[in-house]
Structures are given as structure tokens and as C-alpha cells.
Amino acid sequence: MERIIFHIDVNSAFLSWTAAKRIKYGLFPDLREIPAVIGGREHSRTGIVLAKSISAKKFGIQTGEPLYKAKEKCPDLKIVHPDFKLYNECSKKMIDICTKYSPFVEQFSVDELFLDYTNMEYHFGSPINGAKLISEAIKKEMGVTVNIGISNNKLLAKMASDFEKPDKIHTLFPDEIQSKMWPLPVSELFMVGRKTEEKLKNIGLYTIGDVARCDRKFLRSYLKEQGELTWCYANGIDISKVNHKESEAKSIGNGATLPKNITTSKSAYSVLLGLAEKVGERLRKKKLTATVISVSLKSSDFKTYSHQKALYSPVSSTYEIFHYSKEIFNEMWNCSPIRAITITLTEFQTSEDMQCCFFTNEITSKALKTDNSIDDLRAKYGHNCIMRASLINTHLSHKITNAQDTTLKSNLN
DNA sequence: TCTGGGGTCCTAGGACCC
DNA sequence: TCTGGGGTCCTAGGACCC
21 MERIIFHIDV NSAFLSWTAA KRIKYGLFPD LREIPAVIGG REHSRTGIVL
71 AKSISAKKFG IQTGEPLYKA KEKCPDLKIV HPDFKLYNEC SKKMIDICTK
121 YSPFVEQFSV DELFLDYTNM EYHFGSPING AKLISEAIKK EMGVTVNIGI
171 SNNKLLAKMA SDFEKPDKIH TLFPDEIQSK MWPLPVSELF MVGRKTEEKL
221 KNIGLYTIGD VARCDRKFLR SYLKEQGELT WCYANGIDIS KVNHKESEAK
271 SIGNGATLPK NITTSKSAYS VLLGLAEKVG ERLRKKKLTA TVISVSLKSS
321 DFKTYSHQKA LYSPVSSTYE IFHYSKEIFN EMWNCSPIRA ITITLTEFQT
371 SEDMQCCFFT NEITSKALKT DNSIDDLRAK YGHNCIMRAS LINTHLSHKI
421 TNAQDTTLKS NLN
């Protein structure tokens, strides 16, 4: 039996959610009705456009471009800082609303989800009708609009939700693929990025239809697994299921682009310590330990290098994460200026497994106790209530600890 | 003042074992 | 001393997503 799958996508999510919150607090005008963007620190080199209003788009402003460039295109542009805590709350709320229309809901990203509507017609009517009910419920309860794509599988539903925006419902059933999807440029196809687009154009494939009609085996030999996938997607083939069970994270990482390029190992260590604190706190919050640590560096010419280390016993304390990332850093750094640093932890075990680990020594358990106390304090009184002496006044601490710690006040201004 | 931050998955090469 | 092939695991890098 054919399934009915919805893909639900919040229109300019970060901007819409922020706008809805401002309106709730009586702050006008509506950000969606003026040239406005959500973006980081305007005067720092890390400030880029994360989301834009429709009128900002009319000025040629694009997601991902530096804020100063956006401001050049539109001097009156309103810039509002992101509030990731709010976005996570909104994401959860949206899932709650959708779960009333089907128990099979899969979160795909902070602002997108899949919903399996199969057999729900009995309760909520035709797929179009069900989609209208969901769209109206989200609008009423959250004050934002969504696009909903409807089809028989996730890929086609996702492609459909990307058609005309905002506040629209589109279908893309298999008999509509030729007319609605094949004429689109190949770059519009899910999982075709810049590199693959170039390779496809090199062999004369410009539209999704070109790819669909090309020989499957040939494309596979040309692009390997990626070729197989692209051919299947171009033909609307996708057998993946809506996975409504929450899947465990496979990696946890934190990184930072520095205000200035780093040229000494001493300043790199400060950054590593700040990142180790952050990533460690997240790991411990999930009651996990990790056995692989990786450090990646971005040089001033935007090339990234990474090294990883498999550990004999799992770690979770800031002390250990810092210790090993420093070791990895020393091994790999060639003294060229560093633009950004990231620490990533993988290969998790639950911390219960670790507690009975034979190798857990006194230093480790002491470090863990300290970390847990700090984590508790921060959970209660906010991240900045306590800080390592070595990080004070480095202004790196500010950069790292405040990266996502935006207050209500600054968001409403 | 060019280009954030957090993820997943795939590939290719090398080490090591039988 | 020089030779094989298959399998697994690890690592670094790269592609893609939002």
C-alpha cells in the first residue's frame, strides 16, 4: 500500500520565530514585513546572515553572506541576534502539535520534520485537508507559517515543500515528477551540492530530468555511491522510512571561529580549554563518555585539517578532554595561523559503563566531581556564574561561552 | 572585514592479521 | 627471501545537509 508522507518546513524559521516572540512582547513592526535578518555579531568576521525576510531577499541578500555585505545592499537593514534556546523550544512545540495528527513524526532538523499520514485520512480527511489542519494549527499556536510537501516518500515530500513559498501546500506524487520536478536545475535536487552539480554539468546534465533519463550504471561508475543516490532521487525513488524514534547522537562537537587568527600554542590552549568545557558539559548532560577525540583546525586560507585519537579508556571530564585535545593539537599543528578550532567527541558509551571501568583513577574521578559541580551551578545560575581563572580577560572566554548565550533583552532590542 | 556552527555519511589508503 | 589475497579496523579528508 502506498504511504502518504508530509514534509513540514517553517518559512524563514529563525526570523519567523523571533518575529513571533517580539510580537508577543508588543514589539513592532513585524520583522517579516521589513528588510530584516537574523545574524551574529555584525562587526566581527563571524557575522553572517542566518535567515532573512522576504523584503530583505528583494535587496539581493542571501543566507550565509557576511552581515557587512548585506548592510551594503540595504543600509536600513534590521539585524537581530539569534536565540538558539528559543529555536529549540519552538522546534519541540512544533513536533508536539504535529504529533496530534500522526504518531509517526521524525525531526529532520530544528525547523523541518517528516510526518507519516498513512491511514490518518479516517480522522482528518484527505492529505490536503490534513495538511491544511496542521498548517492552521501551527499558525494559530505559534504565529508562524509553514510549507508542507505531500507525496508517497520522504524525498518527494521534501522536494515538494521547497516549491513556492511561504505558507503553501504542494503535492509531488509520482505522476507529477515529470512536470513538476524534472524541469528544475540539477542543483535543486536534494543531496546535489556544489561539487556534484559541477561534475554533472561536465557531462552535460543540467536538469533533474537529464539525470533521471541518464543511464544508472554509467552514473554509478562516474560518481560511485553518490551517483546511484542522485539517479534514484532524480527518479523519485526513496525507500527510507519515517523514523519516529529518537536516534542517539553519534558525535558531539564544539568549535569557534576566532576574533583574530591564532599564532601561538598558548592562545590555542586557551581556546581548547574553553571548547573542552563546552563539549564536556554537553557530553555529561547526556550521561555519556567518549573514546575518540578529534581536533580540527581551519587555517587562514580556509583549509581544514583534522587529527583524531582513539583512547584506551573512555573520557568525560573537561580535564581529560582538554589534555588529549592539547596532545592532538601539538601533534598536528604546523605553526600556520589558525582561523577556527573544533573539538569533536565520538564513539560513546554510557557513563554507567565507565563507572565500573578498571582504569578510572583518582585524578579522573576528582576531575569529574569538580565538573559535575560546575555543571550544576551553571544549570542553576547561567553559564557565566563561574569561569576558569585562566580564561578571564582572554576575550576568548567571552567568544566561547557567550556564542549561543544570548539574553532575552538583546534579542528584543 | 569574504566565507558560522553543528551534524551525518562515504571513500581511500595503510596497518595488521590469517 | 619473496610472494598472494581477503578481511577488518583505523585515520584523514571531503561531500552534503540545515
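Residue numbers for the first sequence follow our numbering, so the first one is 21 and each next one is one higher. Heads up, the beta-carbon is just placed ideally off N, CA and C, and yes, glycines get one too. Predicted model only: the values in this text are computed from it and were never measured.
Checklist entry - Contact between the stretch 152-164 and the stretch 35-53: three or more CB pairs below 8 Å? => result Between the stretch 152-164 and the stretch 35-53, the count of Cβ pairs shorter than 8 Å is three or higher; the stretches touch.
Checklist entry - Is Ile-223 helix, strand or coil when you go by DSSP? => result Secondary structure at Ile-223: coil, using DSSP grouped into helix, strand and coil.
Checklist entry - Looking only at DSSP bridge pairs, what is Thr-277 linked to? => result The bridge partners DSSP lists for Thr-277 are Ala-360.
Checklist entry - In the structure shown, what three-state DSSP assignment does Gly-256 receive? => result Here DSSP, grouped into helix, strand and coil, assigns Gly-256 to coil.
Next on the checklist: Beta-carbon within less than 8 Å of Ser-382's beta-carbon, same chain only, minus the 5 sequence neighbours each way: which residues are those?
Outcome noted: Looking at the sequence itself, residue 382 is Glu, so the reference to Ser does not match. Within the same chain, Glu-382 has no close Cβ partners at all.
Next on the checklist: Just verifying my parser: in three-state terms, what is the DSSP assignment at Asn-167?
Outcome noted: Here Asn-167 sits in strand by DSSP.
Next on the checklist: For a test of the three-state rule: what should DSSP assign to Lys-98, helix, strand or coil?
Outcome noted: Lys-98: strand per DSSP, three-state reduction.
Checklist entry - What is the rounded straight-line gap between the Cα of Ser-314 and the Cα of Glu-367? => result When the Cα atoms are used, Ser-314 and Glu-367 turn out to be separated by approximately 11 Å.
Checklist entry - Would the beta-carbon of Ile-282 fall within 7 Å of that of Ile-358? => result Yes, Cβ-Cβ distance for Ile-282 and Ile-358 is below 7 Å.
Checklist entry - Is Leu-317 closer than 7 Å to Tyr-325 when the C-beta atoms are compared? => result Contact flag set, yes.
Item to check | Where Met-179 falls, given that 16 or more other Cβ within 10 Å makes a residue buried | outcome: Counting Cβ neighbours within 10 Å, Met-179 comes out buried, since at least 16 surround it.
Next on the checklist: Here's a check: name, in chain order, each residue in its chain whose Cβ is nearer than 6 Å to the Cβ of Lys-113, leaving out the five neighbours to either side.
Outcome noted: Answer for Lys-113: no residue qualifies.
Checklist entry - Can you tell me where the beta strand (DSSP E) with Glu-126 in it begins and where it stops? => result Segment 125-129, the beta strand (DSSP E) holding Glu-126.
Checklist entry - Among the residues of its own chain, which have a CB less than 8 Å from the CB of Leu-225, if the five just before and after it don't count? => result Beyond the five residues adjoining it in sequence on each side, Leu-225 comes within less than 8 Å, by CB distance, of Val-206, Val-231 and Cys-234 in the same chain, given in chain order.
Next on the checklist: Give me, in chain order, the residues of the same chain whose beta-carbon lies closer than 8 Å to that of Ile-13; leave out the 5 immediate sequence neighbours on both sides.
Outcome noted: Residue 13 falls outside the range modelled here, since the chain spans only 21 to 433, and no answer is possible.
Checklist entry - DSSP beta-bridge partners for Ser-393? => result The partner list for Ser-393 (beta bridge, DSSP) is empty, contrary to what the question assumes.
Checklist entry - Within the chosen definition, does the stretch 43-60 reach the stretch 85-101 through at least 3 CB pairs nearer than 8 Å? => result The stretch 43-60 vs the stretch 85-101: in contact.
Checklist entry - Going by beta carbon distance, what residues of the same chain come within less than 7 Å of Arg-408, once the five residues before and after it are set aside? => result For Arg-408, where only same-chain residues beyond five positions count, the Cβ hits under 7 Å are Leu-293.
Checklist entry - Can Ile-9 and Lys-174 be called in contact, C-beta distance under 7 Å? => result Examination of residue 9 is not possible in this model, given that the chain is present from 21 through 433 alone.
Checklist entry - The alpha helix (DSSP H) spanning Thr-38 covers which residue range? => result Counting along the chain, the alpha helix (DSSP H) containing Thr-38 begins and ends at 33-44.
Item to check | Whether Thr-309 touches Ser-336 by CB criterion (7 Å) | outcome: Yes; because the gap between Cβ atoms is below 7 Å, this pair is in contact.
Checklist entry - With His-264 and Glu-85 assumed to form a contact (beta carbons below 8 Å), what rounded beta-carbon distance in angstroms separates them? => result Between His-264 and Glu-85 the beta-carbon gap is near 36 Å, outside 8 Å, which marks them as no contact.
Checklist entry - If you run the structure through DSSP and keep just helix, strand and coil, what is Ile-515? => result The structure shown does not extend to residue 515, since the chain is modelled only from 21 to 433, so the question has no answer here.
Checklist entry - DSSP puts Lys-318 in a beta bridge; with which residues? => result According to DSSP, Lys-318 bridges with Thr-324 and Ala-360.
Item to check | Pairwise C-alpha distance: Ser-290 and Tyr-121 | outcome: Straight-line spacing of the CA atoms in Tyr-121 and Ser-290 works out to 49 Å.
Item to check | Chain-order list of residues whose beta-carbon lies under 6 Å from that of Val-262 (same chain, five-residue window excluded) | outcome: For Val-262, where only same-chain residues beyond five positions count, the Cβ hits under 6 Å are Phe-124, Glu-126, Phe-134 and Asp-136.
Item to check | Cβ shell of Asp-50 (< 7 Å), same chain only, five flanking positions each side left out | outcome: Excluding sequence neighbours, Asp-50 sits near Ala-39 and Ile-43.
Checklist entry - So is Pro-203 buried or exposed if we call it buried at 16+ other beta carbons inside 10 Å? => result Taking every protein chain shown into account, the CB of Pro-203 has fewer than 16 other CB atoms within 10 angstroms, so this residue is exposed.
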